[in-house]
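Step one of this worksheet: look at the structure below.
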Amino acid sequence: MSVTLLAKANQTIALLATDRQHSIQQHVLEAGRPAFVYTCYGFEAVGNSMGALLGFDGYPRTPLFDSYFLGRGHRIYNPQLMRFISADSLSPFDAGGTNAYAYCAGDPVNYRDDSGQSRNLRDQLHKDALLKNPLQYHPDWKNYPTLSKDAKRHIGKLTSRIEKAKKFAKHVDDHPDHHLSMDTSNSWRRFERNKNKIAKSFDKLEKARFDYAVEFVQRGLPLPDWGTAGDQSSMDPPHRNVAETIDPPPGYADRPSYDEAMGMIRTAL
């Protein structure tokens, strides 16, 4: 009897289309485009014979049991039962909550469970907000000419807003029983407003930095050094000056807008 590894037996290449929560929405391959629809607890009401290896919230699935391995295989979650198969070692007196088998303490709309032991907020902060220095890629943001006074005022409050958001998120993770009705609480609404303001500030910074960089390129000047490999805390590659790039940037008779430039990049990809 020969045993063939699943990875070797199924070498089909597919494109996975995901939603905001990383749940697999479509499995695009030559044979077709099977679509996936989930309940808030991750159950697929219509079974799909061409299931992907990832599914609800981007978790690895086991088709044999229609379940998911959470926390890198720490516990098995069954979306049809809406509960875990085994008890939580952090329950009932720790972060696992009073119900040792419940998924996200009964609130899968606002939470995920990446560890398989305790829930965490579904909507996370902007990736740059998680850096040790959130403005490390924008050291000269005050000189961005396209930033309005109002935008600069909001960006000036960015650090304090991030600290407030992190403090609230930590309190939610440490005291899950205190936030059982988060979607209707004033604290949750304040957190959502604060999180949206943080995201908008970073979007304005990115657009303003792009416009700022275009001016340097048009004048034939090297771009400012917006961070190097030594001071980065993320997986993003370090920014390089124009002189360090393989090909010089193209010249434009008229400076393209941010949206036009992003469209050109997407077309090139």
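Here the working numbering runs 22 ahead of the position in the sequence shown, where the first position is 1. Glycine included, each C-beta is placed from N, C-alpha and C at the ideal position.
At the level of alpha carbons, what is the spacing between residue i and residue j?
i      : j      : result
Arg212 : Val194 : 14 Å
Thr40  : Ser113 : 32 Å
Ala109 : Tyr280 : 51 Å
Tyr99  : Asn132 : 18 Å
Leu92  : Asp233 : 43 Å
Ser140 : Ile107 : 15 Å
Phe78  : Leu37  : 16 Å
Ile35  : Gly285 : 27 Å
Gly138 : Lys189 : 23 Å
Tyr123 : Thr61  : 19 Å
Val168 : Glu228 : Here residue 168 is Thr; the residue named in the question, Val, does not match the sequence. Distance between the alpha carbons of Thr168 and Glu228 is about 11 Å.
Ala57  : Gln158 : 40 Å
Tyr125 : His160 : 40 Å
Ser209 : Arg134 : 19 Å
Gly178 : Glu214 : 19 Å
Leu75  : Gln43  : 16 Å
Lys222 : Asp162 : 18 Å
Arg97  : Ser111 : 10 Å
Ser170 : Asp136 : 40 Å
Between residue i and residue j, how many whole angstroms is the CB-CB distance? I'm expecting something under 8 Å.
i      : j      : result
Ala187 : Ile220 : 7 Å
Lys226 : Ala173 : 5 Å
Ile184 : Ala151 : 5 Å
Ser45  : Gly80  : 6 Å
Met104 : Tyr166 : No, Met104 and Tyr166 are not in contact; Cβ-Cβ is about 49 Å, not under 8 Å.
His176 : Phe224 : Going by Cβ atoms, the distance from His176 to Phe224 rounds to 11 Å, so no, they are not a contact pair.
Val59  : Ala53  : Contact doesn't hold; Cβ gap of about 19 Å is too wide.
Put residue i into one of helix, strand or coil per three-state DSSP.
i      : result
Asn216 : helix
Arg141 : coil
Val50  : strand
Phe65  : coil
Thr84  : strand
Ala39  : strand
Ile184 : helix
Phe235 : The question names Phe, yet the displayed sequence has Ala at residue 235. Three-state DSSP puts Ala235 in a helix.
Ser111 : coil
Phe224 : helix
Ala122 : coil
Arg94  : coil
Tyr99  : strand
Tyr280 : helix
Arg175 : helix
Phe1   : Residue 1 is absent from the structure shown; the chain starts at 23 and stops at 291.
Gly252 : With a pLDDT of 37 at Gly252, under the threshold of 50, the predicted position of this residue should be treated as unreliable, and no value is reported.
Leu152 : helix
Using only the heavy atoms of the ligand NAD, determine whether one of them is closer than 7 Å to the beta carbon of residue i.
i      : result
Thr168 : For the structure depicted, the ligand NAD is absent and the ligand set is empty, with no information on it obtainable.
Spatial neighbours of residue i within its chain, please: CB distance less than 8 Å, with the 5 preceding and 5 following residues excluded, ordered by chain position.
i      : result
Arg55  : Gln48, His49
Lys164 : Lys174
Asn121 : Ser113, Pro114, Ala127, Gly128
Within a Cβ cutoff of 7 Å, which residues of the same chain sit near residue i, ignoring the five residues on either side of it in sequence?
i      : result
Gln102 : Phe65, Asp88
Pro156 : Asp150, Leu180, Thr181, Ile184
Pro130 : Cys62, Tyr63
Asp269 : At Asp269 the pLDDT is 49, less than 50, meaning the model places this residue with poor confidence; the figure from the coordinates comes in the next sentence. Around Asp269: no qualifying Cβ.
Given residue i, which residues of its chain have a CB within under 6 Å of its CB, disregarding the five upstream and five downstream residues?
i      : result
Ala283 : none
Asp258 : Residue confidence for Asp258 is low, a pLDDT of 41 falling below 50, so the modelled location carries little weight; the figure read from the coordinates is stated next. If we look at Asp258 and ignore the five residues flanking it on each side, it has no Cβ neighbours.
Tyr90  : Tyr81, Arg83, Tyr99
Taking three-plus beta-carbon pairs below 8 Å as touching, is the region 81–95 in contact with the region 49–57?
no
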